[in-house]
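Heads up, the thing below is written out as structure tokens.
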Amino acid sequence: MKRPRVRTTRPEDIPELIALQARVYPDIPPWSQRKLREQLDVFPQGQIVAENDDGLVGCASSLIVLWDDWSESHSWKEITGAGTFENHNPEGKTLYGAEVFVDPALRGAGVGHLLYEGRRTLCRRMNLKRIIACGRLPGYHRYADEMDAEYYAQKVVWGDLKDPVLSFQLKEDFSYCGVIENYIPEDAESCGNASVIVWINPDYDPESPTVVPEEIVL
Ligand SMILES: CC(C)(COP(=O)(O)OP(=O)(O)OC[C@H]1O[C@@H](n2cnc3c(N)ncnc32)[C@H](O)[C@@H]1OP(=O)(O)O)[C@@H](O)C(=O)NCCC(=O)NCCS
């Protein structure tokens with residue numbers, strides 16, 4: 013594979029990003045041009061893509077939130093403003109991972125790792141305290157008759173089961189914090205569940221403010 017690299021998303025990426033997302037989630041309608049534009053208008057620094065010489069191969073989108081407003085429970089739709097990122101709040105200290113995906117033809121080749129590295133770079137450069145995300149649990153439907161989602165996720169953490177998303181996130185040094193239900197109700201593979209995960213920025217300086225530069229070169 014030609015070596016992938018990560019950069020911030022540009023408005024001209026939008027049509028290719030929509031086509032890629034439709035390949036990743038064939039059963040879920042992809043983001044509209046309008047929503048992707050809104051995300052770029054609201055927080056351009058937080059939107060990143062991976063590309064190789066053939067074009068876009070992945071994407072990771074984020075917003076900054078006041079985590080205390082959302083920590084008890086929330087759905088994907090609520091926290092992301094149905095994908096508009098209208099809840100983006102630079103007063104917050106938490107970079108919230110709204111979406112990450114990689115071209116199905118290129119999974120397991122390190123593209124997801126590059127995107128996560130990119131996110132950690134954003135978090136460090138902006139002096140944010142942490143990254144929090146609610147990850148899908150796409151392997152759960154296979155075990156839903158036998159155990160609840162919490163126990164399934166614990167078995168993934170213990171290394172007894174592998175989940176395509178949570179196992180990847182644990183390898184990326186994220187810590188598992190628990191399951192929330194009805195996060196994306198139409199996510200049949202995860203039966204609507206998601207695992208809350210966190211990465212603490214070791215370089216975070218509570219004495220310094222959040223810095224959101226005009227442009228972040230990854
Ligand atoms: C989750 C996801 C983003 C991971 O992306 P990815 O590019 O496959 O991830 P990586 O390649 O970095 O890591 C995945 C695995 O490949 C391995 N890997 C990393 N670099 C590698 C390389 N150069 N060669 C071979 N394998 C490699 C990793 O060690 C890891 O191993 P594992 O299979 O034992 O877990 C991807 O599976 C995806 O898009 N899923 C569908 C969308 C989705 O559900 N997103 C989550 C929303 S919450």
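My numbering applies: residue 13 is where the sequence shown begins, and numbers increase by one.
For every residue, glycine included, the Cβ atom is placed at its ideal position computed from N, Cα and C.
When the Cα atoms are used, what is the spatial distance from residue i to residue j?
| i | j | result |
| --- | --- | --- |
| L118 | N194 | 29 angstroms |
| T106 | S83 | 11 angstroms |
| A31 | D199 | 19 angstroms |
| D115 | E24 | 19 angstroms |
| C279 | T96 | Any answer about residue 279 is impossible in this case: the structure gives the chain only from 13 up to 230. |
| C64 | W79 | The amino acid occupying residue 64 in the given sequence is Asn; Cys does not appear at that position. Going by the C-alpha atoms only, they are around 34 angstroms apart. |
| E158 | V168 | 15 angstroms |
| E184 | L29 | 24 angstroms |
| G130 | V18 | 7 angstroms |
| V229 | A156 | 43 angstroms |
| V123 | D81 | 32 angstroms |
| P176 | A165 | 12 angstroms |
| Y37 | R154 | 18 angstroms |
| D201 | P42 | Checking the displayed sequence, the identity of residue 201 turns out to be Glu instead of Asp. Rounded to whole angstroms, E201 to P42 spans 17 angstroms at the Cα level. |
| R15 | V61 | 14 angstroms |
Going along the chain, which residues of its own chain have a beta-carbon closer than 7 angstroms to the beta-carbon of residue i, five neighbours each way excluded?
| i | result |
| --- | --- |
| S85 | I192 |
| N213 | C135, R136, L140, K141 and R142 |
| Q181 | G147 and I209 |
| K47 | G95 and T96 |
Buried or exposed: where does residue i fall if 16 or more other Cβ atoms within 10 Å of its Cβ makes it buried?
| i | result |
| --- | --- |
| S187 | exposed |
| Q57 | buried |
| A34 | exposed |
| I40 | exposed |
| W211 | buried |
| P225 | exposed |
| G67 | exposed |
| S44 | exposed |
| V112 | buried |
| Y163 | exposed |
| R171 | Before going further, note that residue 171 is Gly rather than Arg in the sequence given. The residue in question, G171, is exposed, as its Cβ has fewer than 16 Cβ neighbours within 10 Å. |
| P218 | exposed |
| S220 | exposed |
Looking at ligand 2, does it come within less than 7 angstroms of residue i, judged from the CB to the closest heavy atom?
| i | result |
| --- | --- |
| A31 | Judged by which ligands are present, ligand 2 is missing from the structure shown, whose ligands are ligand 1. |
Contact criterion: CB-CB distance below 8 angstroms. Does residue i meet it with respect to chain D?
| i | result |
| --- | --- |
| S73 | The chain inventory of the structure shown lacks chain D, comprising one protein chain alone. |
Sorted by chain position, which residues of the same chain lie with C-beta nearer than 8 angstroms to residue i's C-beta, five sequence neighbours on each side aside?
| i | result |
| --- | --- |
| T133 | I228 and L230 |
Short of 6 angstroms in beta carbon distance, which residues of its chain neighbour residue i, apart from the five on each side in sequence? Order them along the chain.
| i | result |
| --- | --- |
| M138 | T222, V223 and V224 |
| H125 | none |
Entirely within the stretch 92-144 and at least 4 residues each: give me those alpha helix (DSSP H) ranges in chain order. Segments of the alpha helix (DSSP H) lying fully in the stretch 92-144: 123-137.
Which runs of the beta strand (DSSP E), 3 residues or longer, sit entirely within the stretch 39-85? Qualifying beta strand (DSSP E) stretches, in chain order: 59-64 and 67-77.
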